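Worksheet: the structure to be examined is printed underneath.
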């Protein structure tokens, strides 16, 4: 998008900087913290040993996230320390997301219903889209590991 704009061409999409909100969990979390947007408490790690050590202090369940893009599969909701250590090691050591998990975010688990609220803007006007509830888990009832997306319900009946 940035290159198209530099050439004077019209294009729809996020700038490189705006795309970081989706492309980096730590960037997003830091952005939310900076601007007072409520978000789960979190810590960012580049080192597997420091991450594993931090897990001793976490309440469970806790959430381990690959920082980068992982096709919707870079989040592990861990019920105990063993699951969390396995997630950290698979992301950071085994590199199951091809570099996207070399940096991770460990955050508190928030129980509730997730909602996607999207809008488009030209910098002056904001146009909201209909709310949605993404179904990411592989099995019904929110069970199983995350996928790239199994479906979506819109409008979200919980919003």
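Numbering (full-length UniProt numbering), first residue to last: 1 to 159.
Glycine is no exception: its CB is placed at the ideal position from the N, C-alpha and C atoms.
Since this is a predicted model, take the numbers as computed values, not measurements.
On the DSSP letters alone, give me the boundaries of the alpha helix (DSSP H) that residue i sits inside.
i	result
residue 54	48–54
residue 43	It is not in any alpha helix (DSSP H) - residue 43 instead sits in the beta strand (DSSP E) that spans 42–45.
residue 86	81–92
residue 38	Counting along the chain, residue 38 falls outside any alpha helix (DSSP H), and DSSP gives it neither H nor E.
So, using beta-carbon positions, are residue i and residue j closer together than 8 Å?
i	j	result
residue 1	residue 15	yes
residue 69	residue 100	yes
residue 40	residue 83	no
residue 103	residue 44	yes
residue 52	residue 11	no
residue 105	residue 143	no
residue 42	residue 29	yes
DSSP state of residue i, grouped into three classes?
i	result
residue 159	coil
residue 125	coil
residue 12	coil
residue 31	helix
residue 7	coil
residue 26	helix
residue 19	helix
What is the residue span of the beta strand (DSSP E) that residue i lies within?
i	result
residue 149	143–153
residue 139	133–139
residue 103	Residue 103 -> no beta strand (DSSP E), and no H or E assigned at all.
residue 194	Residue 194 cannot be examined here, being either before or after the span of the chain that is shown, 1 to 159.
In chain order, what residues of the same chain have a beta carbon less than 6 Å from the beta carbon of residue i, not counting five sequence neighbours either side?
i	result
residue 113	158
residue 46	103
residue 128	119
residue 150	135
residue 152	132, 134
residue 63	77, 107, 109
residue 4	11
Near residue i, which residues of its chain fall below 8 Å by C-beta distance, leaving aside the five closest residues on each side in sequence?
i	result
residue 125	none
Is it the case that the CB of residue i approaches a heavy atom of the ligand MN more closely than 7 Å?
i	result
residue 104	Absent from the structure shown: the ligand MN. Ligands present: none.
**OP:** Tell me, please, whether the region 89–100 touches the region 123–143 by the rule of three or more beta-carbon pairs shorter than 8 Å.
**Re:** In short, these stretches do not touch, since the Cβ pair count stays below three.
**OP:** Evaluate the contact criterion for the region 67–75 versus the region 23–41: three or more CB pairs, one atom per stretch, below 8 Å.
**Re:** In short, these stretches touch, since the Cβ pair count reaches three.
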